[in-house]
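Quick note, in our numbering, the sequence shown goes up one by one and the last residue is 327. Cβ atoms here follow ideal geometry from the backbone N, Cα and C, with glycine treated the same way. If you're wondering where the values come from, they're calculated on a predicted model, not measured in any experiment.
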Amino acid sequence: MSKLFQVSLFVPGVLLIVLLFAMLPALIQADPMNGGLHLMWGQAFSKIREYIEGIWTGQSFHYYAGQNELLFWEQIGNSLKVTSFYMVIGAVIGTIIGVLLGIYFAVSRAGWLMRLMELFGALPDFVIVILLQFIVVLVAMKTGVVLAKVGSFNHNEPAILLPLLSTIIIPASFMIRNVALHMKHTLTEDYINFAKSRGLTKGYIIFHHALPNVLPFIKADLHKFMGILFGNLFIFEYLYNLLGVTLLVFVNAFGMHGYQYNLVVNGILTFLLLYAAVYLLLRLMIIGWEKVLTR
């Protein structure tokens with residue numbers, strides 16, 4: 033099967049999965065009398081048909097926020113900017129810090145610090161967010177100094193520092209463990225010992241011999257890294273009160289007019305496009321590192 037043919041099947045396949053996934057709340061309905069669950073196949077597939085038909089009329093891009101009917105294209109721009117800002121910076125800086133600290137832990141004897149990092153990285157995302165907010169509140173109560181905003185109280189003055197720290201710390205902990213593991217293994221290879229015997233400096237060996245052979249493993253694990261970064265995005269946006277893509281969808285998915293299938297489909301597709309853009313950015317960054325380090 034040619035790569036072009038695979039790509040031509042991939043896009044419709046993703047669209048079909050999104051359409052089917054978004055119809056689940058319409059498919060599974062609870063009986064108001066006894067609370068039993070029923071599968072409403074006709075109602076569910078009618079949502080898909082209405083969405084496809086509404087693409088040509090533009091109705092598929094309308095949704096309700098309370099009693100107000102809004103156009104998805106007019107509202108998603110600001111939400112996409114918010115989510116993109118934190119996800120791009122978190123992904124790039126988290127990757128850079130993860131690679132550098134992973135190298136440090138691989139060549140240093142600070143095993144206790146590495147174990148502490150692993151323990152911190154094992155904490156759920158929402159615990160890390162709440163812990164950061166608690167520290168800020170505790171410092172403010174003890175000293176009167178507010179280090180950062182614990183959340184966004186309005187769109188004009190959003191919280192920046194704590195959300196950025198969260199999006200950097202959470203994926204960076206995975207990258208540190210991953211890089212340290214592969215770097216330790218790479219440093220035991222014969223070609224590394226040969227490079228040492230030639231009198232090459234430690235830094236040159238690490239960055240021009242070992243790291244180029246670790247970067248392919250980093251590329252292979254990018255989807256895991258991205259999964260950690262994007263996995264709990266709704267919890268992240270909810271706890272910091274950031275009106276991003278996922279919060280826009282979850283807050284309005286069930287409104288006065290019932291389940292808004294169109295909004296959910298459009299929101300998921302926007303989320304997937306952002307995921308693809310950040311993934312491509314990280315992949316190009318790593319490829320760039322490979323080009324520079326292997327010269």
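Query raised in the report: Just curious, the beta strand (DSSP E) that leucine 102 is in, first and last residue?
Result: Per DSSP, leucine 102 belongs to the beta strand (DSSP E) from 100-103.
Query raised in the report: Comparing alpha-carbon positions, which option in Ile300, Phe262, Gly290, Gly176 lies nearest leucine 280?
Result: Minimum Cα-Cα distance from leucine 280 among the listed residues Ile300, Phe262, Gly290, Gly176 corresponds to Ile300.
Query raised in the report: Beta-carbon separation of leucine 194 and valine 159 under 9 Å?
Result: With respect to the 9 Å criterion, leucine 194 and valine 159 are not classified as neighbours on the basis of their beta carbons.
Query raised in the report: Can you give the Cα-Cα distance for isoleucine 197 and tryptophan 321, rounded to whole angstroms?
Result: Note on residue identity: the sequence assigns leucine, not isoleucine, to residue 197. Here the alpha carbons of tryptophan 321 and leucine 197 stand approximately 24 Å from one another.
Requested in this report: Put phenylalanine 206 into one of helix, strand or coil per three-state DSSP.
Outcome: Of the three classes helix, strand and coil, the one that applies to phenylalanine 206 here is helix, per DSSP.
Query raised in the report: Around the C-beta of asparagine 294, are 16 or more other C-beta atoms found within 10 angstroms, so that it is buried, or is it exposed?
Result: Flag for asparagine 294 reads buried.
Query raised in the report: In this structure, what does DSSP give as the bridge partners for alanine 62?
Result: Beta-bridge pairing links alanine 62 to Leu69.
Query raised in the report: Mapping DSSP to helix, strand and coil, what is glycine 287?
Result: Here glycine 287 sits in strand by DSSP.
Report task. Go through its chain and collect everything with a Cβ distance to valine 283's Cβ below 6 Å, but skip five positions before and after it. Result -> Shown here for valine 283: not one same chain residue has a beta carbon closer than 6 Å to its own, the five before and five after excluded.
Query raised in the report: Given valine 296, which residues of its chain have a CB within under 7 Å of its CB, disregarding the five upstream and five downstream residues?
Result: For valine 296, where only same-chain residues beyond five positions count, the Cβ hits under 7 Å are Ala54, Val281, Ala285.
Requested in this report: Please go through the same chain and pick out, in chain order, the residues whose beta-carbon is closer than 6 Å to the beta-carbon of valine 182, but skip the five residues on each side of it.
Outcome: These residues qualify, in order along the chain: Gln165, Val168.
Query raised in the report: Counting pairs of Cβ atoms below 8 Å between the segment 212-219 and the segment 126-142, do you hit three or more?
Result: Short answer: they touch.
Query raised in the report: Should histidine 241 and leucine 247 be called a contact, given that it needs their Cβ atoms to be closer than 9 Å?
Result: No, Cβ-Cβ distance for histidine 241 and leucine 247 is not below 9 Å.
Query raised in the report: Ends of the alpha helix (DSSP H) at alanine 172?
Result: Residues 157-175.
Query raised in the report: Mind checking whether glycine 276 and tyrosine 118 have CB atoms under 9 Å apart?
Result: Yes, the Cβ-Cβ distance between glycine 276 and tyrosine 118 is below 9 Å.
Report task. Give me whichever residues DSSP pairs with histidine 94 in a beta bridge. Result -> Looking at the DSSP output, histidine 94 bridges to Leu103.
Report task. Would you check if there are 3 or more beta carbon pairs closer than 8 Å linking the segment 124-131 to the segment 196-211? Result -> Yes: the two stretches touch, three or more of their Cβ pairs being nearer than 8 Å.
Query raised in the report: In whole angstroms, what separates the C-alpha of leucine 51 from that of leucine 179?
Result: Whole-angstrom Cα-Cα distance: 44 Å.
Query raised in the report: Alpha carbon to alpha carbon, how far is phenylalanine 226 from proline 244?
Result: Rounded to the nearest angstrom, the two C-alpha atoms are 16 Å apart.
Query raised in the report: How would you label lysine 113, buried or exposed, when you count the other beta carbons within 10 angstroms and need 16 or more for buried?
Result: The Cβ neighbour count for lysine 113, taken over all protein chains shown within 10 Å, is under 16; the residue is labelled exposed.
Query - Assigned secondary structure, methionine 317 (DSSP; H/G/I helix, E/B strand, else coil) - result: Methionine 317 falls in the helix class under three-state DSSP.
Query raised in the report: I think leucine 313 touches valine 120, with their Cβ atoms under 8 Å apart; what is that distance to the nearest whole Å?
Result: Correct: roughly 7 Å between the Cβ atoms.
Query raised in the report: Per DSSP, what kind of secondary structure is valine 182 in: helix, strand or coil?
Result: Under the three-state reduction of DSSP, valine 182 is assigned to coil, being neither helix nor strand.
Query - Cβ-Cβ distance between phenylalanine 239 and glycine 126 below 9 Å - result: No; because the gap between Cβ atoms is not below 9 Å, this pair is not in contact.
Query raised in the report: Any idea if glutamine 99 is buried or exposed, counting beta-carbon neighbours within 10 angstroms, 16 or more meaning buried?
Result: Around the beta carbon of glutamine 99, fewer than 16 other beta carbons sit within 10 angstroms, so the residue counts as exposed.
Report task. For isoleucine 318, collect the residues of the same chain with a Cβ closer than 7 Å to its Cβ; drop the 5 residues on either side in sequence, then sort them by chain order. Result -> Shown here for isoleucine 318: same chain residues with a beta carbon closer than 7 Å to its own, the five before and five after excluded, namely Leu247, Ile250, Lys251 in chain order.
Query - Cβ pair isoleucine 202, glycine 122 closer than 9 Å - result: Yes, the Cβ-Cβ distance between isoleucine 202 and glycine 122 is below 9 Å.
**Report entry** First through last residue of the alpha helix (DSSP H) which encompasses leucine 271
**Finding:** Start and end: 265-271.
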